[in-house]
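Please read the structure below before turning to the comments.
2 protein chains.
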Amino acid sequence: MTTIYDVSKLAGVSAKTVSRVLNEPDRVKAATREQVQAAMKALDYSPNASARQLRLGGFSSIGLLLEDPASGYQSRFHQALLTACMEAGKYMTVELFEGVMPDWKARVDRFLTEGRVRDLILLPTLCDFAPLKELLRERGARAVLIAPSVHDPHFPSVVMDDRAAARQIIEYLFSLGHTRIGHITGHPDHSASILRRSGVIEAYDARGLPRPKSELFASGDFMFKKGIEAAETLLSLPEPPTAIFAANDETAAAVAMVAHRRGLSIPGDLSVVGFDDAPIASAVWPQLTTIAQPYLEMARKVVHLVDAWDQQSTQSGFVSTYLTPHELVIRESSGPVSKA
Amino acid sequence: MTTIYDVSKLAGVSAKTVSRVLNEPDRVKAATREQVQAAMKALDYSPNASARQLRLGGFSSIGLLLEDPASGYQSRFHQALLTACMEAGKYMTVELFEGVMPDWKARVDRFLTEGRVRDLILLPTLCDFAPLKELLRERGARAVLIAPSVHDPHFPSVVMDDRAAARQIIEYLFSLGHTRIGHITGHPDHSASILRRSGVIEAYDARGLPRPKSELFASGDFMFKKGIEAAETLLSLPEPPTAIFAANDETAAAVAMVAHRRGLSIPGDLSVVGFDDAPIASAVWPQLTTIAQPYLEMARKVVHLVDAWDQQSTQSGFVSTYLTPHELVIRESSGPVSKA
DNA sequence: TCGCTTTATGACATCGATGACATTTGTTAT
DNA sequence: ATAACAAATGTCATCGATGTCATAAAGCGA
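Chains as they are written, first to last, in our numbering: chain V, 561 to 900; chain P, 561 to 900.
This is the structure in structure tokens:
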């Protein structure tokens, strides 16, 4: 790596002069400047960002650990966070954190050091991975959690009310006359799966209806493929449901695909609703009724929390959870139960 | 900002000891370690990444400028690059570059300095934005281009053969008996749009068929919404096509949706093929026949080029273009022309 | 040409953390 | 109890760039 000294030597000037050429070119005589520039070109010099920053005062990008960037949920947040960072004039460095790697500790360490990251953002399910959070505390790193399943007193978090949203969806289906409603759960490791499921039951309880039989709950994992199996299971029941609430949009899209294959019309024969308002929700046919999470709002809040942490660093021991609102988006995939 | 010295003072030890607690905790007596950790907690200390890196030797993350992270194409590359970076032990910092901002120069400058980035990756259409490339050269920044429309002698690039792939798709449709094939073009600013379109024509020429009438070319922009309009246009023709080749998968998904709405079966009444093998291609019904780009291969090559640049920095003036292979993926959305 | 102001350049300290080496403290074996 | 060695901690220099202040060179009026 060539340094400012190499350049200064070749150009026959002092390092400071090279620095001036870089930062305040007008303060250097034209002839000298050209010599220095020539030297820089010849050595393919580019300044060391760390040194510069050390001198000028620290900046640091926000780190994002992603488990599965292909998942609609994570990529949606990823985008929202990028936007929020841009608005706030911050930068984000992304690292893949693939679950059960034996060397995950070393990788996180390396990320904090070499990735020049101090503040981390954790999405589900990482935000519930206790050993990771412990490591971060040891390292003096900070983190903001998005949708953790339980509040952690050490880290601020931003959440939405999954249970209430799921309940709202079911109540909406009730209002369309559905009473036999299937639910495809999410990945068992996500607290959201449990919350959404319990929201379903809560809706039944609140209406004074008997809880749905267990056959109406099929297990999924938030992914398209598993969604297909789950949909097949539900639709093969002797008495299939008239509506299916999938734990996320990708799963709902799978349900729609299976329904089409079986010649069922949506929403005529089957109503399908998803959760997340992922891009896929408006790209499939018919477009999915779903719960829209305020991704951008949440992302902004997260970035803001990181900032706040920087400022009032003295006032420690004060972390909180922010609840953000959701919205039921009614599209084409849901309708009144057929009279047949 | 609290430094290691503040901590050392409060804990009553030397800075070096604090450093040890951080980096080799085992070499510090338990009692001391706890005192230091308490001090760190009390001061909400976190180490300065710049200083650490300066001392340890320079690392720098690779910068990625994204115009539209919501686009399937960009997000697909984004993911592939993340994976490739992980494999190579590098980090990636992402910045949104929203087209025509008046202050884009300042933002790029800031990205290079504060974002601690030296090497940049440019995707279409940024990789063809001449003023940006010029700025990068001035700043001594390096860049690798993905799928630029023309080779730039200053930057290495990685490309695929869009024209040949498009031709291959059309020849495949020919082989199924289609002769009346509609094409929805991509965004006019992307060279890929032009190449894919000319691949279509090339296929006709190669077969000695008359070139398709202009009514069979509808203009799109790679996005779902515009794809709907274009599909409506094509399918409303007095003599509609029996197959539609959309310039990307999102557009193809839109075609599928419109076809469903009109009661056309796929591939019975209409074959639909896309391009990119985006996630949506296998999430819609029926799953789309498409061209798979070797995203990961390309990403690996890009990261490797960045590395190579670091090593043989002396040997400048040597940049090249790498052509990567593509593959036709046949799924459910294409079939023989109906005998009607 | 001399003294004085500007302009151009250089020497040195500094940012915060860590490596190399020095020193102190603790432990074990005799 | 003491040499001998290991463990724990400290001192100082260093990474690369830039701010501060000092110095050298250039410009300029009389």
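From the three backbone atoms N, C-alpha and C, an ideal C-beta is built for every residue, glycine too.
Fully contained in the stretch 585 to 639 of chain P are the following beta strand (DSSP E) runs of length 3 or more, in chain order: 621 to 626. Between the stretch 799 to 818 of chain V and the stretch 688 to 697 of chain V there are fewer than three C-beta pairs closer than 8 angstroms, too few to call the two in contact. Here Ala690 (chain V) is exposed, its C-beta having fewer than 16 other C-beta atoms within 10 Å. Closest in C-alpha terms to Lys861 (chain V), from the list V:Leu616, V:Thr881, V:Ala591, V:Ala852, comes V:Thr881.
Using a Cβ distance threshold of 8 angstroms, Gln847 (chain P) and Ala841 (chain P) count as a contacting pair. The beta carbon of Ile840 (chain P) sits closer than 8 angstroms to some beta carbon of chain V. In this structure the stretch 779 to 795 of chain V touches the stretch 740 to 760 of chain V; the number of beta carbon pairs closer than 8 angstroms is three or more. Taking the C-beta atoms as reference points, Leu856 (chain V) is found nearer than 8 angstroms to Ala640 (chain V). In this structure, Pro827 (chain V) keeps its C-beta atom at 8 angstroms or more from the C-beta atom of Ser774 (chain V).
The beta carbon of Ala859 (chain P) sits no closer than 8 angstroms to any beta carbon of chain V. Between Ser880 (chain P) and chain V, the shortest Cβ-Cβ separation is not below 8 angstroms.
If you look at Ile840 (chain P), you'll find it isn't in any beta strand (DSSP E); DSSP assigns it neither H nor E. Residues of chain V with a Cβ closer than 7 angstroms to the Cβ of Gln639 (chain P) are, in chain order, Pro629, Ala630. Secondary-structure assignment with DSSP links Met858 (chain P) through no beta bridge to anything. The Cβ atoms of Ser779 (chain V) and Ala763 (chain V) do not sit closer than 8 angstroms to each other. Within chain P, no C-beta atom comes less than 8 angstroms from the C-beta of Arg723 (chain V); the nearest is roughly 27 angstroms away. DSSP places Arg678 (chain P) within a strand segment (E or B) once states are collapsed to three. Within the same chain, and ignoring the five residues on either side of Val760 (chain V) in sequence, the residues whose Cβ sits closer than 6 angstroms to its Cβ are Ala726, Ile730, His743. A straight line joining the alpha-carbon of Gly623 (chain V) with that of Ser635 (chain V) spans about 15 angstroms.
Residues are counted here when their Cβ sits less than 7 angstroms from a Cβ of chain V; for the stretch 645 to 661 of chain P these are Met646, Tyr651, Met652, Thr653, Val654, Glu655, Leu656, given in chain order. In this structure, His886 (chain V) sits near Met720 (chain V), with a CB-CB distance shorter than 8 angstroms.
Residues of chain V with a Cβ closer than 9 angstroms to the Cβ of Ala806 (chain P) do not exist, since the nearest Cβ in that chain sits about 13 angstroms away.
Cα atoms of Gln853 (chain V) and Ala630 (chain P): separation of roughly 16 angstroms, rounded to the nearest angstrom. By alpha-carbon distance to Ser735 (chain P), the top candidate from P:Ile564, P:Ile890, P:Arg615, P:Tyr633 is P:Ile890. Looking only at P:Leu642, P:Phe671, P:Leu656, P:Lys665, the smallest Cα-Cα distance to Phe657 (chain V) is reached by P:Leu642.
In the three-state scheme derived from DSSP, where H, G and I count as helix and E and B as strand, Tyr882 (chain V) is classed as strand. Contact with chain V is found for Ala611 (chain P), since one of that chain's Cβ atoms lies less than 8 angstroms from the residue's Cβ. By the 16-neighbour rule on beta-carbons within 10 angstroms, Leu830 (chain V) is buried. With a cutoff of 8 angstroms on beta-carbon distance, Ala803 (chain V) and Gly834 (chain V) are scored as not near each other. Distance check between Thr849 (chain V) and each of V:Gly823, V:Ser825, V:Asp867, V:Glu892 places V:Glu892 closest, using alpha-carbon atoms only. Interface annotation, Pro607 (chain P): in contact with chain V, CB-CB separation under 8 angstroms. The C-beta distance from Gly632 (chain V) to Asp809 (chain V) rounds to 6 angstroms, short enough to fall under 8 angstroms. Annotation: Cβ neighbours of Gly700 (chain V) in chain P (cutoff 7 angstroms, chain order): Met600, Tyr605, Ser606, Pro607. The beta carbon of Ser753 (chain P) is closer than 7 angstroms to those of Thr745, Gly746, His747, Ala807 in its chain, skipping five residues each way along the sequence. By the Cβ-count criterion, Asn608 (chain P) is buried, with 16 or more other Cβ atoms from all chains shown falling within 10 Å of its own Cβ.
Per DSSP, Arg702 (chain V) lies in no alpha helix (DSSP H); the unbroken beta strand (DSSP E) holding it starts and ends at 702 to 706.
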